[in-house]
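Visitor: The structure under discussion is supplied below as structure tokens; questions concerning it will follow.
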Amino acid sequence: MENQALGLAEAIARLTPADITVKRFRWRRAFDWLPVRLKALWMLDPAGDAPFPDVSGPWPDLWIATGRATLPLSLVARQRSGGRTFVVQTQDPRMDPAAFDRVVAPAHDGLTGPNVVAITGSPHRITPDTLDAAAPDFAGRLSPLPRPRVAVLIGGTSRAFDLTEDHALALADRIEAAVREAGGSLMLTFSRRTPAVARSAMSLRLSDLPGWIWDGTEPNPLFAFLEAADHILVTEDSANMAAEAASTGKPVHVLPMIARRAPGKFAQLHADLQARGAARPFDGTLETWSYAPLAETDRAARAVLAGMKRI
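Numbering that gives the first Met the number 0 numbers the first residue of the sequence shown as 0 and each following residue consecutively.
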């Protein structure tokens, strides 16, 4: 979620001079369950950052926040700043969007309103420049890999999807067959939501392929993987990963997960990506196609600046 706020902030900074400060905070566990309107600042975990400037400090021109935990703070920022701070919330806040100056929400959430900016997927940090900048640090390990290079982004368990050991092995078998048939190589990374048993099963099954299976230690090669890839395979459970992959202009193959409920919004997202020519269901082959890379984060940045009357 931090990457959503930071990606939007960086996109804005590419359009106008800006200094970006990252604030991280959380609520004390005893109060985290409370509704947004009942939370008070004294309920914040003191180990986190101070969310607001002190009495003498200036308020920021722009506040961008992501996630349910930030909603009470966004409301306070809008009130206390006295209009000096333009408050932007990403994701659907599940409350009246008029409580914020702008809401940047996934189009598949169906949120509407005069201050809502609906985008395909979610804001993110992927741009041609960020990928190019990441490549040199990993060139020694990635450049020798045979083409086609296949980046595989695996998500995990959520309310909508599951990834069991058996399903992980079935995906691994299909991925291995496609990479071997193409004579290519593998660049595999997992999300924090990937169950440990699924991660271990896929890593072991795919360990004989040429390539790199990232073990989770720093630094993270994700941007370099995307830059080096000829194909990107991404599980269907993450709007973030799908939007990031579709911003590269490279073929995005969507891997199925085990549905815990009707796919609903995720089906809408993937239908949108398919309509734009970016993504197709993985059919076991590494077919190549081209499309105009998605630039939804930049579009959202322009909408925010327009609301601030900065462009």
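Here a beta-carbon is modelled for each residue, glycine too, at the ideal position from N, C-alpha and C.
Checking 9 Å against the spacing of the C-beta atoms, do V149 and S184 come in under that value?
Guide: Yes; because the gap between Cβ atoms is below 9 Å, this pair is in contact.
Visitor: Quick test of the definition: if touching needs 3 or more C-beta pairs under 8 Å, does the region 292-300 touch the region 117-130?
Guide: Enough Cβ pairs lie closer than 8 Å, so yes.
Visitor: Could you check where the beta strand (DSSP E) with T163 kicks off and where it finishes?
Guide: Per DSSP, T163 belongs to no beta strand (DSSP E) and is neither H nor E.
Visitor: Along the chain, where does the beta strand (DSSP E) containing G210 start, and where does it finish?
Guide: Where G210 is concerned, the enclosing beta strand (DSSP E) stretches over 210-212.
Visitor: Less than 9 Å between the beta carbons of L232 and V151, yes or no?
Guide: Their beta carbons are under 9 Å apart, which means L232 touches V151 by this criterion.
Visitor: With distance defined between alpha-carbon atoms, name the residue in F281, P92, A277, V54 nearest to P292.
Guide: When each option's Cα is compared against that of P292, the closest is A277.
Visitor: If you drop the 5 nearest sequence neighbours on each side, which residues of the same chain put their C-beta closer than 8 Å to that of L208?
Guide: Hits under 8 Å: E175, V178, R179, S184, L185.
Visitor: If you check the beta carbons only, do I63 and Q90 fall under 9 Å apart?
Guide: Not in contact: I63 and Q90 (Cβ atoms no closer than 9 Å).
Visitor: Just to confirm my understanding: we take G306, look at its own chain, exclude 5 residues before and 5 after, and list those with CB closer than 8 Å. What are they?
Guide: Taken in chain order, the residues that qualify are F85, D100, R101, N114.
Visitor: Under 8 Å: do the region 102-110 and the region 251-261 share three or more Cβ pairs, one atom per stretch?
Guide: The region 102-110 is not in contact with the region 251-261.
Visitor: Less than 8 Å between the CB atoms is what I'm expecting for A133 and G112, so what's the real figure, rounded?
Guide: Not quite, the Cβ-Cβ distance comes to about 36 Å (not below 8 Å), so this is no contact.
Visitor: According to DSSP, simplified to helix, strand and coil, what is V21?
Guide: V21 falls in the coil class under three-state DSSP.
Visitor: Would T188 pass as a contact of I153 if the rule is Cβ separation under 9 Å?
Guide: Yes, they are a contact pair.
Visitor: How long is the line joining the alpha carbons of P147 and H252, rounded to whole angstroms?
Guide: Answer to the nearest angstrom: the Cα atoms are 14 Å apart.
Visitor: If I measure Cβ to Cβ from L43 and keep anything under 8 Å in the same chain, skipping five residues before and after, which residues do I get?
Guide: So the qualifying residues of the chain are F24, R25, W26, R27, P50.
Visitor: Starting from M186, follow the beta strand (DSSP E) in both directions and report where the run begins and ends.
Guide: First-last of the beta strand (DSSP E) with M186: 184-189.
Visitor: From E9 to W288, what distance separates their C-alpha atoms?
Guide: Cα to Cα, E9 sits roughly 29 Å from W288.
Visitor: Which stretch, first to last residue, makes up the alpha helix (DSSP H) that contains F265?
Guide: That run of the alpha helix (DSSP H) goes 264-274.
Visitor: Run through the DSSP bridge pairs and tell me what H252 is partnered with.
Guide: Per DSSP, L232, R279.
Visitor: Does the structure place the region 53-69 close enough to the region 3-21 that three or more beta carbon pairs sit under 8 Å?
Guide: Short answer: they touch.
Visitor: Would T284 pass as a contact of L130 if the rule is Cβ separation under 9 Å?
Guide: Not a contact, by the Cβ cut-off of 9 Å.
Visitor: Please return the same chain residues whose Cβ sits closer than 6 Å to the Cβ of A236, not counting the five positions on each side in sequence.
Guide: Correcting the residue identity first, residue 236 is Asp in this sequence and not Ala. Within the same chain, D236 has close Cβ partners G154, S157, F160, M256.
Visitor: Tell whether a beta-carbon distance below 9 Å holds between L144 and G56.
Guide: For L144 and G56, no; Cβs fall outside 9 Å.
Visitor: According to DSSP, simplified to helix, strand and coil, what is W288?
Guide: In this structure, W288 counts as coil in the three-state DSSP scheme.
Visitor: Decide if K308 is buried, meaning its Cβ has at least 16 other Cβ atoms within 10 Å, or exposed.
Guide: Under this definition K308 is an exposed residue.
Visitor: Comparing C-alpha positions only, which one of T20, P194, R275 sits nearest to H166?
Guide: Among T20, P194, R275, the Cα nearest to that of H166 belongs to P194.
Visitor: A227 and L141: beta carbons closer than 9 Å?
Guide: Contact flag set, yes.
Visitor: Let's see if you can read the secondary structure: which residues bound the alpha helix (DSSP H) around L221?
Guide: Where L221 is concerned, the enclosing alpha helix (DSSP H) stretches over 221-227.
Visitor: Compare the C-alpha of G139 against each of T234, D128, P220 and name the closest.
Guide: Of T234, D128, P220, the residue nearest in Cα terms is P220.
Visitor: Is any heavy atom of the ligand NAD found at a distance shorter than 8 Å from the C-beta of V233?
Guide: Here there are no bound small molecules, and the ligand NAD is not part of this structure.
Visitor: Cutting at 7 Å between CB atoms, please list the residues of its own chain near Y290, excluding the five before and the five after it.
Guide: These residues qualify, in order along the chain: G248, R275, G276, A277.
Visitor: Go to R101, then tell me how far its beta strand (DSSP E) extends in each direction, as first and last residue.
Guide: 101-105 is the span of the beta strand (DSSP E), which, as asked, contains R101.
Visitor: Just to confirm my understanding: we take L74, look at its own chain, exclude 5 residues before and 5 after, and list those with CB closer than 7 Å. What are they?
Guide: Result list for L74: A98, in chain order.
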